[in-house]
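S.K.:
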Amino acid sequence: MRKLYEERQKTLLGEAKKQLEGLLEVPKADAGMHLIDWLPDGICAEGVAEKAAQNNLKVSPIAAYSFNPHPPNGLILGYASYNEKQIKEGVLLLKNALLEEYD
Numbered sequence: 004m005r006k007l008y009e010e011r012q013k014t015l016l017g018e019a020k021k022q023l024e025g026l027l028e029v030p031k032a033d034a035g036m037h038l039i040d041w042l043p044d045g046i047c048a049e050g051v052a053e054k055a056a057q058n059n060l061k062v063s064p065i066a067a068y069s070f071n072p073h074p075p076n077g078l079i080l081g082y083a084s085y086n087e088k089q090i091k092e093g094v095l096l097l098k099n100a101l102l103e104e105y106d
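Start counting the sequence shown at 4; every next residue gets the next number (my numbering).
1) In this structure, does DSSP put residue 25 in helix, strand or coil?
2) So, are the CB atoms of residue 22 and residue 95 less than 8 Å apart?
3) Any idea what DSSP makes of residue 35, helix, strand or coil?
4) Have a look at the DSSP bridge pairing and note the partners of residue 78.
5) When DSSP labels each residue in this structure, what does residue 85 get in the three-state scheme?
6) By the DSSP assignment, the alpha helix (DSSP H) with residue 45 in it spans what residues?
7) For the structure I just gave you, are there three or more beta carbon pairs, one from the stretch 29-37 and one from the stretch 46-53, closer than 8 Å?
8) Taking the beta carbon of residue 5 as the centre, do at least 16 other beta carbons fall within 10 Å, making it buried, or is it exposed?
9) Give me, in chain order, the residues of the same chain whose beta-carbon lies closer than 6 Å to that of residue 46; leave out the 5 immediate sequence neighbours on both sides.
10) Identify which residue in 106, 90, 44 has its Cα closest to the Cα of residue 73.
Next up, the structure:
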């Protein structure tokens, strides 16, 4: 399973580098089934998550998991249960949500 998840993370990282550069910082994780991604100042994680949800893409703002009144501005992206095609489609949907939030 670790090899499978590693391949899926590589797919997500590669697509994010191609499609989301400048919109979202997507660092590699050493292990796991999700990535924590950082938004630039002025972009609302909750707004991006709402716009993504309108296109059936679920991403979670970090604030949903924080007791901190000023949590870091970022999103949690899961990838473990998605194949390569679904990950690529999800990245494009996320790009659209990010671009809408930038407007």
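Positions of the beta carbon are idealized from the N, C-alpha and C atoms, including for glycine.
Everything numeric in this text was worked out from a predicted model, so none of it was measured.
M.R.: A quick look at the data gives this:
1) Correct three-state label for residue 25: coil.
2) Yes.
3) Residue 35 falls in the coil class under three-state DSSP.
4) Beta-bridge partners assigned by DSSP to residue 78: 40, 64.
5) In the structure shown, residue 85 sits in coil (DSSP, three-state: anything other than H, G, I, E or B).
6) Neither: residue 45 is in no alpha helix (DSSP H) and is coded neither H nor E.
7) Because the criterion of three Cβ pairs below 8 Å is not met, the stretch 29-37 and the stretch 46-53 do not touch.
8) Around the beta-carbon of residue 5, fewer than 16 other beta-carbon atoms lie within 10 Å, marking it exposed.
9) For residue 46, where only same-chain residues beyond five positions count, the Cβ hits under 6 Å are 104.
10) Per the Cα distances, 44.
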